[in-house]
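Q: So the sequences go chain by chain: A and B.
Counting in the working numbering, the first sequence runs from 1061 upward without gaps.
Counting in the working numbering, the second sequence runs from 26 upward without gaps.
Glycine residues also receive a C-beta, built at the ideal position from the N, C-alpha and C atoms.
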Amino acid sequence: MNSNNTTYTDEVKKHFLNPHNMGEIKKADGVGKLGNPVCGDVFWLYITVSKNKKGQEIIKDIKFQTMGCAAAISTSSMITDLAKGKTLEEAMKITNKDVANSLKGLPPIKMHCSNMAADTLHEAIKDYISKQSKDKNGKKINTIKKEACYRCCHE
Amino acid sequence: MKQIYLDYAATTPVAKEVLETMKPYFSEKFGNESSMHSFGTKAREDVEVAREKIKNKLNAKNYNLIFTSGGTESNNLALKGIAFANQKKGKHIITTKIEHDCILQSAKWLQEQGYEVTYLKVDKEGFIDINDLKKKIRKDTIFVSIIHANNEIGTIQNIREIGKVCHDMGTILHTDACQSFTKVPIDLEEDNIDLITINAHKIYGPKGVGALLVKKGIDITPLLHGGGHENNLRSGTLNVPGIIGFAAATEVIKEKDIKRMEKLRDLFIDGLLKLPNSSLNGATGNNRLCNNINILFKYIEGESILLHLDFKGIYVSTGSACSSHNLSQNHVIKAIGVDPKIANGALRITIGIETTEEDIKYVLSEIKPIVEKLTKMSPLSQREGNKNRK
C-alpha cells in the first residue's frame, strides 16, 4: 500500500482498490437494495441460491454494485467474501459489525452511514424467500422498505 | 512516487522567500512588540512596515488593519463585531447561501442572539442577483457580507456593484476575500468595500495569521479583551513572525502567474469534461478564480475518486457528504441547484503557481480509468443507462 492516508485500515484500502465480486447477476434469485444517493451511498447485492450436499440452501454466487465512499465499497466487497458458500441461515447471522471487524475497523463516522452491507445481504435473502413463498402461496412476505436510507436524517 | 498537490484552496506551502523573511523573527528578533525596550520597539517597527505593505496592496489608506489568527477569526470579528456595535441601527443582516462555514455559523449564532439574517440565493453559476439584494436591504440592515470568490466553485462576485448598491441604500459591505486576495485585484475604495477578511496561508504565507481591514469611522466591538492590542480591537500578543510572513506573501503571486494559471485551469477543465457524465460547477471565464476547478461526476462519489487519486500521489478535495465531518452535503453545491442525488460526485481541484501542464496531463491520464471504474461499479449509472435506452 503506497499511500500514507490513515483514514482507513489497510484491509479497507485493499478491498477498495481491488473489490471482489463486483458486478451484476442478470438472473439473480434475490436482490437487495439499500441506501440513498443523497447520503452518498447506494448498495445493490445480487445472489443466486442452490442446495449443498445436505440439502441446505446456500449462497452460490454473490455480486455487488455500489456507489459510495471507500467504506461503502470495501464493506460491499467484504460481505461477498463472507457470504459466499454460506447457508442462508448462516448468512442471515452476519452483522454489519462482523463486516467492519473483518476490515479491521472503519472510521467511527462511517459506522453509521456506510456500513450496511450485511443489511443489504439480508434484504437480498428476504427477497429470495419472498419470491419462493410467492411462488407457493401467491402472496408476498413483507420486507423492509427498499432503497430507503433508513438510518440517517437526509430528506 | 510522484506527488502532485492540487488542493491550493485548502492551503499553500510557505514560499521559500517568505520563510527566509520570517526566520529571524523566531529566535533573533523575537521581541514582544508591546515591550518598551529596544527589542520590543524593533518588533513594533517591523510589524508596522508589514501592516503598511498589506494595506498598500489593497489601497487601504483610510482603513484600520487588525491582525488576527486567520480567516475564521476575521470573519467572526467582522460579523459579531459590527452586529454588536451597531445594535442601535437595527438587527438585520444580509449574507448568502454560499459563504464559508465561519460566516454561516457566525450568522446562525447571531440569529440565536436575536438578530435577523437574510440568506441570498445564487444562480446556477453561483452569482447573487443584484436586484434581489436591492429588494432585501432594509432601513435596519446593519451590514451585508458577501464572499468575494467562492472557495468551492471559484465564482467571483461583482463586488464593486454590490458595494455600490449597499452604499446607495445606506448600509455597509463586508467581504471574505481569503480565496481572491492577490489573485484578483482589489482596491477597497474603488470596489466599495467597507470591511475585508484576508489571510496568509492561502497565498504562500504561514498558517495562523490573517487580518480584518475596517474603514475608518465604522464601529466594531472586539471579541478578545485583554492588553488592548490593535487599537483595543484584538487583544493578544502579536504573531510577529506570522505577520512578517504575511506581508512578504502578498508579493508571491505575480500577474504572470495568474495568466498562466488561467490557461492551465481551462486546459484542465476541458480535459475533465471529456470524461463520462461530467459537468462543470461554477462560473466560466473571467468570473472564475484562476486556480479553481470543480467538476461534478454523475453516479459516483467524490471521496472514492479522491482516495483513488491519493494512492496515485495526487491530492484533491471533494464536496461530498461522505468526506465531511457531519456527513451533510456541501451547501455550496446544493445552493447552485445541483440535484442532491448527484451532488456527492463533486470534485474540487485547485492549482497553484507550481502546477505545470505536465502535471495536468498526468492527472487527466490517471483520473480517467478511476472515473470509468467507479461508474461501472455504480448501480445508478446502469439504471440511468437502461432508462435512456428505453
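Could you tell me whether the Cβ of Asn1078(A) comes closer than 8 Å to any Cβ of chain B?
A: Residue numbering aside, residue 1078(A) sits at position 18 when the first sequence is read from its first letter. No, Asn1078(A) lies away from the interface with chain B (no Cβ there is under 8 Å from its Cβ).
Q: Could you please give the first and the last residue of the uninterrupted beta strand (DSSP E) stretch that includes Asn224(B)?
A: By 1-based counting over the second sequence, the position of residue 224(B) is 199. Leu220 to Asn224 is the span of the beta strand (DSSP E), which, as asked, contains Asn224(B).
Q: Taking a Cβ distance cut-off of 9 Å, strictly less, list which residues of the segment 1122–1135 of chain A are near chain B, in chain order.
A: Residues passing the 9 Å Cβ filter: Phe1124, Gln1125, Thr1126, Met1127, Gly1128, Cys1129, Ala1130, Ala1131, Ala1132 and Ile1133.
Q: Within its chain, find whatever has a CB closer than 6 Å to the CB of Glu124(B); leave out the 5 residues flanking it on each side and keep chain order.
A: Walking along the second sequence from the start, residue 124(B) turns up at place 99. Ile172.
Q: Report yes or no: do the segment 308–326 of chain B and the segment 161–181 of chain B share at least 3 C-beta pairs separated by less than 8 Å?
A: These segments touch.
Q: Which stretch, first to last residue, makes up the alpha helix (DSSP H) that contains Glu141(B)?
A: Here residue 141(B) corresponds to residue number 116 of the second sequence, with the count starting at 1. Unbroken run through Glu141(B) is the beta strand (DSSP E), Glu141 to Leu145; no alpha helix (DSSP H).
Q: DSSP beta-bridge partners for Arg373(B)?
A: The residue given as residue 373(B) occupies position 348 in the second sequence. Its beta-bridge partners are Asn319(B) and Ser342(B).
Q: Just how far apart, CA to CA, sit Ile378(B) and Met1176(A)?
A: Within the second sequence, residue 378(B) is the residue found at index 353, counting from 1. Within the first sequence, residue 1176(A) is the residue found at index 116, counting from 1. Using only the alpha carbons, I get a separation of about 43 Å.
Q: Determine the direct distance from the alpha carbon of Leu389(B) to that of Thr343(B), and round the result to whole angstroms.
A: To locate residue 343(B), count along the second sequence from 1; it is residue 318. To locate residue 389(B), count along the second sequence from 1; it is residue 364. C-alpha separation (whole angstroms): 17 Å.
Q: Look at the Cβ atom of Asp1158(A), then the Cβ atom of Leu1181(A), and state whether they are nearer than 8 Å.
A: If you number the first sequence from 1, residue 1158(A) lands on position 98. If you number the first sequence from 1, residue 1181(A) lands on position 121. Contact: no.
Q: Asn1065(A) CB to nearest chain B CB: under 8 Å?
A: For the purposes of this step, residue 1065(A) is identified with residue 5 of the first sequence, where counting begins at 1. Yes, Asn1065(A) lies at the interface with chain B (some Cβ there is under 8 Å from its Cβ).
Q: Should Leu237(B) go down as buried or exposed, given a rule of 16 or more other Cβ atoms within 10 Å for buried?
A: Sequence index remark: in the second sequence, residue 237(B) carries index 212 (1-based). It counts as buried.
Q: Less than 8 Å between the C-beta atoms of His199(B) and Ala68(B), yes or no?
A: Taking the first residue of the second sequence as 1, we reach residue 199(B) at position 174. Taking the first residue of the second sequence as 1, we reach residue 68(B) at position 43. No; because the gap between Cβ atoms is not below 8 Å, this pair is not in contact.
Q: Can you list the residues of chain E that Lys133(B) reaches, using a CB-CB cut of under 7 Å?
A: Of the protein chains in the structure, A and B, none is chain E.
Q: Hey, would you say Leu292(B) sits closer than 8 Å to Leu83(B), going by beta carbons?
A: As a working note, residue 292(B) is residue 267 in the second sequence. As a working note, residue 83(B) is residue 58 in the second sequence. Not in contact: Leu292(B) and Leu83(B) (Cβ atoms no closer than 8 Å).
Q: Give the range of the beta strand (DSSP E) segment to which Phe92(B) is assigned.
A: The residue given as residue 92(B) occupies position 67 in the second sequence. Per DSSP, Phe92(B) belongs to the beta strand (DSSP E) from Tyr88 to Thr93.
Q: Exposed or buried, Val1098(A), counting other C-beta atoms within 10 Å across all chains shown (16 or more means buried)?
A: As a first step, residue 1098(A) is located in the first sequence; it is residue number 38 there, counting from the start. That one is buried.
Q: Cα separation between Asn89(B) and Pro1079(A)?
A: The sequence position of residue 89(B) within the second sequence is 64, counting from 1. The sequence position of residue 1079(A) within the first sequence is 19, counting from 1. Looking at the two C-alpha atoms, the distance is approximately 58 Å.
Q: Is Asp282(B) helix, strand or coil by DSSP?
A: The count along the second sequence starts at 1 and reaches residue 282(B) at position 257. Of the three classes helix, strand and coil, the one that applies to Asp282(B) here is helix, per DSSP.
Q: Please list, in chain order, all residues of the same chain as Ala308(B) whose beta carbon is under 8 Å from its beta carbon, the five residues on each side excluded.
A: Translated into positions along the second sequence, residue 308(B) becomes position 283. Closer than 8 Å at Cβ, skipping near neighbours: Glu150, Gly151, Phe152, Ile178, Gly179, Thr180 and Ile181.
Q: May I have the straight-line CA-CA distance separating Gln136(B) from Ile385(B), to the nearest angstrom?
A: For the purposes of this step, residue 136(B) is taken as residue 111 along the second sequence, with counting starting at 1. For the purposes of this step, residue 385(B) is taken as residue 360 along the second sequence, with counting starting at 1. C-alpha separation (whole angstroms): 44 Å.
Q: Count the other CB atoms within 10 Å of the CB of Val4(B); is the residue buried (16 or more) or exposed (fewer)?
A: Not covered by the structure: residue 4(B). The range shown for chain B is 26 to 415.
Q: Indicate the three-state DSSP secondary structure (helix, strand or coil) for Lys1123(A) in the structure shown.
A: Locating residue 1123(A) in the first sequence gives position 63, where the first residue counts as 1. Strand.
Q: Can you find the residues in the same chain that come closer than 8 Å, C-beta to C-beta, to Lys159(B), ignoring five residues on each side of it along the sequence?
A: Taking the first residue of the second sequence as 1, we reach residue 159(B) at position 134. Excluding sequence neighbours, Lys159(B) sits near Val190 and Met194.
Q: For the segment 320–340 of chain B, which residues have a beta carbon sitting closer than 7 Å to at least one beta carbon of chain A?
A: Those residues of the segment 320–340 of chain B that come within reach of chain A (Cβ to Cβ, closer than 7 Å) are Tyr324, Ile325, Glu326, Glu328, Ser329, Leu332, Asp335 and Phe336.
Q: Could you tell me whether the Cβ of Asn355(B) comes closer than 8 Å to any Cβ of chain A?
A: Taking the first residue of the second sequence as 1, we reach residue 355(B) at position 330. With 8 Å as the cut-off, Asn355(B) does not count as an interface residue toward chain A.
Q: Given this structure, state the Cα-to-Cα distance separating Pro1162(A) from Asp154(B), to the nearest angstrom.
A: The residue given as residue 1162(A) occupies position 102 in the first sequence. The residue given as residue 154(B) occupies position 129 in the second sequence. The amino acid occupying residue 1162(A) in the given sequence is Ser; Pro does not appear at that position. Taking the straight line from one Cα to the other gives about 52 Å.
Q: Just the chain B side, please: which residues come within less than 8 Å of Pro1001(A) by C-beta, in chain order?
A: Because chain A here runs from 1061 to 1215, residue 1001(A) falls outside it and cannot be looked at.
Q: Going along the chain, which residues of the segment 1164–1181 of chain A sit with their C-beta nearer than 9 Å to a C-beta in chain B?
A: Taking 9 Å as the Cβ-Cβ cut-off against chain B, the residues of the segment 1164–1181 of chain A that qualify are Ile1169, Lys1170, His1172, Cys1173 and Ser1174.
Q: Taking just the CA atoms, how far does Ser1174(A) sit from Gly270(B)?
A: By 1-based counting over the second sequence, the position of residue 270(B) is 245. By 1-based counting over the first sequence, the position of residue 1174(A) is 114. Approximately 43 Å, taken between the alpha carbons.
Q: Mapping DSSP to helix, strand and coil, what is Lys1205(A)?
A: Taking the first sequence and counting its residues from 1, the one referred to as residue 1205(A) is at position 145. Any reading at Lys1205(A) needs caution, since the residue's pLDDT is 47, under 50, leaving its predicted position unreliable; the model's value is listed next. Looking at Lys1205(A) - three-state DSSP - the assignment turns out to be coil, as it is neither helix nor strand.
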